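Colleague:
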Amino acid sequence: LIVTAAVAIVGEAVRDRLAGVVGASHVRADAGALLTYSTDSTPLQRGRPDLVVFPASTEEVAAVLRIADEARVPVIPRGSGTNLSGGTVAHRGGIVLALTRMNRLLEIDPADLVAVCEPGVRTIELAQAATAVGLLFPPDPGSQATATIGGNVAECSGGLRALKYGVTRDYVLGVQAVLAGGEVIRSGGRLVKDVAGYDLQRLLCGSEGTLAVITEVTLRLVPAPEGSGTGMAYFRALADAGRAVSRVLSSGVLPVTLEFLDQVCIGAVEDYARIGLDAGAGALLIFGQDGDPRVIGRDLERIALACRAEGAISVRVAESPQEAAELLRARRAVLPSLSRLEPLTLLEDATVPRSRIAEMVDRIQEIAGRHRVRIGTFGHAGDGNLHPTAVLDPADEDAVGRAHAAFAEIFAAAIELRGSITGEHGVGIVKLAYLERQLGAAHVALLRRIKLAFDPHGILNPGKLGS
Amino acid sequence: VTDTIFTPELLNRCIACGFCLPACPTYELTGVETSSPRGRIGLMRAIEDGILVENDPTVMEESSFCLGCRACEPVCPAGVQYGALLEQWRDRLWRGRHCPWRLRALLFAVNRPSRVRLLGLLRRHARTRRRAATEANLMLGCFERALYPQVSRAATALAPELGVPVGQGCCGALHAHNGDLARGEELARELGEALPGTIVATAGGCAAHLAGVLGGDRVAELSQWLARRDHPVTPGPAPARGGGASQPDRVSARPRIGLQDSCHLRNGLGVWREPRELLEQVGEYVELPSAAGCCGAAGTYAILRPRDSARVLDRHLDEIARADLDVIAVVNPGCYRQLQQGVGRRGLRTRVMHLSEVLVQDGRLEPSRNGGGAAL
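Chains as they are written, first to last, in our numbering: chain A, 913 to 1379; chain B, 1204 to 1579.
(1) Throw me the rounded Cβ distance for the V1165 of chain A and I1215 of chain A pair, which I believe falls under 8 Å.
(2) Please identify, using Cβ separations under 8 Å, the residues of the region 1244-1263 of chain B that lie next to chain A, in order along the chain.
(3) Ignoring anything shorter than 3 residues or poking outside the region 1035-1098 of chain A, list the beta strand (DSSP E) runs there in chain order.
(4) Are any of the Cβ atoms in chain A nearer than 8 Å to that of T1207 of chain B?
(5) Please list the residues of the region 1519-1530 of chain B that have a C-beta atom closer than 7 Å to any C-beta atom in chain A, keeping them in chain order.
(6) What residues from chain B crowd round S953 of chain A, counting only those whose CB sits closer than 7 Å?
(7) Can you tell me whether DSSP reads R1453 of chain B as helix, strand or coil?
(8) I'd like to know if the region 1065-1085 of chain A and the region 1292-1300 of chain A are in contact, where contact means that at least 3 CB-CB pairs between them fall below 8 Å.
(9) Using CA coordinates, which residue listed in B:L1255, B:R1548, B:N1314, B:G1537 is at the minimum distance from D1517 of chain B?
(10) Please confirm whether L1364 of chain A has its beta-carbon closer than 8 Å to some beta-carbon of chain B.
(11) Return the residue from the list B:N1381, B:L1377, B:L1429 that minimises the CA-CA distance to L1413 of chain B.
(12) Kindly identify the DSSP beta-bridge partner or partners of I1007 of chain A.
(13) Which residue or residues does DSSP assign as beta-bridge partners of M1272 of chain A?
(14) How many angstroms separate the CA atom of I1244 of chain B from the CA atom of E1213 of chain A?
(15) Is there at least one Cβ from chain A nearer than 8 Å to P1280 of chain B's Cβ?
(16) Under the three-state reduction of DSSP, which class applies to C1220 of chain B: helix, strand or coil?
(17) Does T1229 of chain B come within less than 8 Å of chain A when only Cβ atoms are used?
(18) How about G1154 of chain A and A1270 of chain A: are their beta carbons less than 8 Å apart?
(19) Where does A1353 of chain A fall in DSSP's three states?
(20) Relative to the alpha-carbon of F1323 of chain A, which residue among A:I1333, A:L1091, A:H1316, A:Y1110 has its alpha-carbon at the smallest distance?
(21) Would you list, in sequence order, the uninterrupted alpha helix (DSSP H) runs of no fewer than 4 residues that lie entirely inside the region 1190-1254 of chain A?
(22) Quick one: using the 10 Å Cβ neighbour count with 16 as the cut-off for buried, is Q1291 of chain B buried or exposed?
(23) Please check if any C-beta of chain B sits within less than 8 Å of the C-beta of L1091 of chain A.
(24) Inspect the beta-carbon positions of P1228 of chain B and C1497 of chain B and report whether they are closer than 8 Å.
(25) Out of curiosity, what's the CA-to-CA distance linking A1391 of chain B and P1478 of chain B?
(26) Give a yes or no on whether the minimum CB-CB distance between T1237 of chain B and chain A is below 8 Å.
(27) If we ignore side chains and look at the alpha-carbon of each, how far apart do G1093 of chain A and D1082 of chain A end up?
(28) In whole angstroms, what is the alpha-carbon distance linking L1351 of chain A and T994 of chain A?
(29) Who are A1532 of chain B's beta bridge partners in DSSP?
(30) Considering only their Cβ atoms, is the gap separating L1468 of chain B from N1535 of chain B smaller than 8 Å?
(31) Output yes or no for whether 8 Å exceeds the beta carbon distance between D1334 of chain B and V1367 of chain B.
(32) Are L946 of chain A and R929 of chain A closer than 8 Å when you measure CB to CB?
(33) G1234 of chain B CB to nearest chain A CB: under 8 Å?
(34) Quick check on the DSSP output: what are the complete alpha helix (DSSP H) runs of length 4 or more inside the region 1292-1335 of chain A, in order along the chain?
(35) Is DSSP giving M1014 of chain A helix, strand or coil here?
(36) Short check: CB of L1161 of chain A to CB of I1178 of chain A, under 8 Å?
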């Protein structure tokens, strides 16, 4: 089965029609803007769109898609462009559909425990609005201050609380979306139980903009925990921290946060955050629990015990909320901080069952050493989601080649350990070549048929998932 | 000619993570990434690599639309020195005949110490209390001495230990931020020679520029200096400590004071706690949500792009009105002028005062003079 993929031929006529829909000032075709929207946060990935269009409503999105579908022009939906897999790069040209103007938080309903918002709302804004009424929106990806809800849903973002609370898909109750031909659909809604029809909102979660454009999301909220506590433990080596993670998780505790950093990452993030991290330690494990204060105290104590049993050099519980917040802020800043070492940071997010984490860490180190690549590893240890990150000089082509070879082996190792090539960053462009190895031919063929059903002319984010 | 515009190490630092987007006032206004720090760095790279020409309309527009507030720097985990990149950009684009004409007169006026002195002679400035150079000396800002001579008078009253030498020129911030980096650095070094020891500045913008050229240990902004000093802050009776309950009248009479941070002071020098702690001693300090954000003055921005400048200011005025402040304190003359004009336009009762003026009055504020007509 061959899915037609649109190629970019965006003429004056299409441009004028689009300007008629969203207003001329919301269509950008100047070289500077096209350059800006040629990239997201993914290194080395670049694709120049022909137009950037900023719609303000579901109706405008539908009209834009009808025009694009008729003209067979690619449409690449985009939020704030914090994507890490090249998922929002217009590598076949076309229209970048930036949804940042659709940024209204429509409602927070404490009775139904839901939030309804447009896709351009920033994740942190939603989280803060929920907090203000005593509720919690748990998914908190590292980019939460910049990233949008629409992007989070389309990529099925994770975050630091996934271990206990799950990821974005666990909070999407309903969506409104526009299909490639301009038809508007709704799936799910404000209900916890609703089995009328296929679970399309789940399908759209992580669809990476290849099936439909999400224009409204209904999200589940939970009561905010009474309190939270955070602590840290230093280890001689990352594998020790990995073993401590397995011990914690089999000791009857489900922490809200269990994050680790190796020595390379500790040094880089301390250079930015200056919060007194011990850059000489081999690994740092950050752990946290929330809920009833008594439970927090008990669980942090159990986690500390497990860490000591695996040879932790030191264990410490944050004394103030500020100290805890600083620690988590530092953790979120690890990736960009790594660029202090070298200008190019190639990041992956291979994921393994949590019981295999120490094994995977050893494999990564062995692969990095053999390919002579400097790799810093950090990640969501509690859910087996690792972020091995190569730091390199982009001018050193040989090193870039070695890094890619190392990552190919890291993906293979993850699959072998019954893991995944991507836990939360998405397949995008950069992992598409590895997808079939993980899913198998029949599965990939099914993805293509699903794509065809949603988007017969292949205009939505072509050349990515389902292609 | 294959010369480079930007220092490669500075330009290479950005990994395009986008953490800067929510901090940028022009991204906030437009929602368009081209008008964000990440977007502008992309444009810088494009002109450096020859993908776009230097005078591409979008490139020209964005180099000017940027406020230069550097709010993107503290939130950047990669440590990109955006302010330095912007200076290099404008140095290239605005040099010589490309300099916006409105700027030329300003740059001319402050290019020589004699001209700067003339600005001061027009108004009664701190010269009446001129004091010989000592180990710490007050810098008399060039526009401040013409527009707000009361600031240096208040500063010398608060810090009688400071020398106030004559023959001071401009610090060069104006030149550095507006397309003449070399002259900006030269002027800073000249001022560094005219003022030995620690240079105490009443303007956040000047302090940050001087610190950038002369090194942070040579420079202190006034609030830093006062906080660092041993003796009490105010020349009058020290504010009651822990006696609030026994002095209910005094407490209820405390003025409600907000602060507008100086962008370069906060984002460039990391000074934001000091002015707040000083204000808390003389009034009821109210932290406005936008206190840390640029007010739109942004050096010459209010002159070059008055409409955008007013759009950036609007949110600040809304918050000042909602908080019903008695005083909004500033730590930079550009913000002083910007807020004074904005408050006047809206007819708010709030007084705009430099931090030093608020402190020297020790919270005993006279009735509001600016802001005509509003309730008093």
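Even glycine gets a Cβ: it sits at the ideal position worked out from N, Cα and C.
In this text the structure is predicted, and so the values were computed from the model without any measurement.
Modeller: Judging by the given coordinates:
(1) 6 Å
(2) G1245, L1246, A1249, I1254, L1255, D1259, P1260, T1261, V1262
(3) 1084-1091
(4) no
(5) none
(6) A1219, C1220, G1221
(7) Residue placement at R1453 of chain B cannot be trusted, given a pLDDT of 45 that sits under 50; the coordinates are not used to answer.
(8) yes
(9) B:R1548
(10) no
(11) B:L1377
(12) A:L963, A:V987
(13) Answer is none; M1272 of chain A lacks a bridge partner.
(14) 47 Å
(15) yes
(16) coil
(17) no
(18) yes
(19) helix
(20) A:I1333
(21) 1205-1221, 1233-1244, 1246-1250
(22) buried
(23) no
(24) yes
(25) 24 Å
(26) yes
(27) 28 Å
(28) 26 Å
(29) B:L1462, B:M1556
(30) yes
(31) The sequence shown places Arg at residue 1334 of chain B, not Asp. Yes, the pair counts as a contact, with Cβ atoms nearer than the cut-off.
(32) no
(33) yes
(34) 1309-1328
(35) coil
(36) no
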